[in-house]
Every structure is written in structure tokens, then in C-alpha cells.
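Numbering (the numbering used here), first residue to last: 121 to 389.
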């Protein structure tokens, strides 16, 4: 959805602009992979999709992701296997824009995950977030900006999604899900200010029970997108949400799109 090559392609064939995006955040260094590939590198059926050397397989209970990617702009490998077992499937898909052209399904907000990487040599088990998005128009045509965050709770998870649309309207979603996927009531948290990112000065805001939140770590500081780890309070619990801020106004700037190939190279095969 952020592909500059797709934006520049008159044919706008989505199957000719595919990528597996892998990001690792470490104590000393991060690894970012997002190599776009053409239609010849894509194969898929009802329970399998392969994009270049990486593939995803679904056997009815487990999503197995086999990764073999190269980082950019400095090449290094990310190779290994992720096994995600979606539990507590949710029942509701949310429309994000007024026209109904963009849909978001937080399919399994709290799912066991196992990560085994050979390059770099890492492994862990934990809780994963699994969702899907699909839309009929470009994001920048529908939205000006949004913020999103998800937090693990003692039982289940909480998700906050604040969207500012191009037509001047807004949508604020405050969601809580039990471990089995049941949607629970949640009091709308108060708005909480956050500092802009240091390098690109990306604006960041969130919400919390007491209107207070702080930045634990900034993972991504880019001209149009920021990803952060927060410390805040939701549903009466001290939590560490993963948070994102996205500016589609900034993304629409032609200069920003010209910068993207440095982190998002393209291979036809």
C-alpha cells in the first residue's frame, strides 16, 4: 500500500507489486526487509502464498511463515520460520472511511506465536496480533492521518484506532477483546499528548485512562510514519502498547515517495 512503484505504474496491477515486510527491533540494531517483486515471483491458492523466496501456509489451525529476505539499504539476511496459531477469532469487520471503501478486521488480537530465526540467530515465544486490511482506493485518497495502538491485557487485548478522513470527518474506535475474541465494553480513554519524533518530527498522540502516556522507545522515525513503544494505562491496567502514527498527507509528497526505494527495493523476479 506504500509502494512508490505501484503509484508510478499506469497499469496499477496489484499482483505485480507484492512484498513480504519483515522488521526486527533489537537492543543494538534493527533489520528492515521490504523487497517488492513482480507477478512472476507470486504464486498462491486458497491456503498458500509465495512471494519470491518467502511463503505463508495455512493448515486450518496454524499460519506458518517461512522467511528468506534481505534487508535494505544495507544488505543482511533475515531467514527463519514463524508459526502463528490464531485463537479467539473476532466477529466484526470495521469500516474506516465514510464511503465504506476501506475495511479493517482485527481477526485474532491475541494469538500464540513461535519465532525461530537462523539469521540472525533468535528465537522466542509470545503473543501476536493478527489482522487484515483491504481497500478500494488509495489510502491517501481517503485519509489524512491516523493513529493506532494495541496493548496486551491480563486477559485479552485493547486496540485504539483514531482516523482523520479527507472529507473532514473522524472516527474513533476503542476496542477490547477477551481471549476468545468476544468484544467487551470499554470506556473511551482520554486523549494523551506525545512528543513528536526527533528526526522527522512526526506528530504522535494516543489515549489512556488518565490522559497520560510516555514514549519507551521509538522504533521507526520516517518522514510519514512512526512506530513506538508506549507506557500508559488502559482498562485499569498498566500496559506497554505498540503505537503507530501515519500521515498520508506527508506520504503524498512526491519527494517522500522518491525516498522510499532506498528502503523498499524492487526485483522483477
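Note that the Cβ used here is the ideal one computed from N, Cα and C, for glycine as well. Bear in mind that the values here come from a model prediction, so they are computed numbers and not experimental data.
For residue i, I'd like the list of residues in its chain whose CB is within less than 6 Å of its CB, leaving aside the five on either flank, ordered along the chain.
i, result
"residue 319", "341"
"residue 214", "224"
"residue 172", "157 and 161"
"residue 216", "222, 224 and 283"
"residue 200", "187, 236, 237 and 238"
"residue 169", "176"
"residue 167", "178"
"residue 159", "135 and 136"
"residue 293", "281"
"residue 154", "139, 141 and 384"
"residue 353", "328, 329 and 330"
Quick check: the Cα distance between residue i and residue j, rounded to an integer number of angstroms?
i, j, result
"residue 291", "residue 333", "21 Å"
"residue 123", "residue 324", "23 Å"
"residue 344", "residue 378", "13 Å"
"residue 255", "residue 310", "29 Å"
"residue 373", "residue 381", "14 Å"
"residue 371", "residue 143", "20 Å"
"residue 299", "residue 275", "6 Å"
"residue 368", "residue 250", "23 Å"
"residue 351", "residue 219", "35 Å"
"residue 307", "residue 288", "25 Å"
"residue 185", "residue 243", "14 Å"
"residue 376", "residue 126", "15 Å"
"residue 145", "residue 191", "13 Å"
"residue 163", "residue 386", "17 Å"
"residue 286", "residue 257", "12 Å"
Note down, in chain order, each residue of its chain lying with its Cβ closer than 8 Å to the Cβ of residue i, except the 5 sequence neighbours on either side.
i, result
"residue 233", "202, 203, 204, 205, 245, 246, 247 and 248"
"residue 305", "296"
"residue 209", "227, 228 and 301"
"residue 129", "136 and 137"
"residue 303", "210, 211, 212, 295, 296 and 297"
Less than 8 Å between the CB atoms is what I'm expecting for residue i and residue j, so what's the real figure, rounded?
i, j, result
"residue 140", "residue 187", "7 Å"
"residue 383", "residue 135", "Rounded, the Cβ-Cβ distance is 22 Å, inconsistent with contact."
"residue 260", "residue 198", "Not confirmed; about 29 Å, so no contact."
For residue i, count neighbouring C-beta atoms within 10 Å of its own C-beta (all shown protein chains included) and say buried if the count is 16 or more, exposed if not.
i, result
"residue 252", "exposed"
"residue 322", "buried"
"residue 388", "exposed"
"residue 329", "buried"
"residue 363", "buried"
"residue 365", "buried"
"residue 356", "exposed"
"residue 361", "buried"
Once you ignore the five residues that flank residue i on each side, which residues in its own chain have a CB closer than 7 Å to its CB?
i, result
"residue 314", "324, 325, 326, 333 and 335"
"residue 148", "none"
"residue 316", "322, 323 and 324"
"residue 277", "229, 230, 270, 271 and 297"
"residue 174", "140, 186, 187, 188 and 189"
So, do the stretch 275 to 287 and the stretch 258 to 265 have three or more beta carbon pairs nearer to each other than 8 Å? yes
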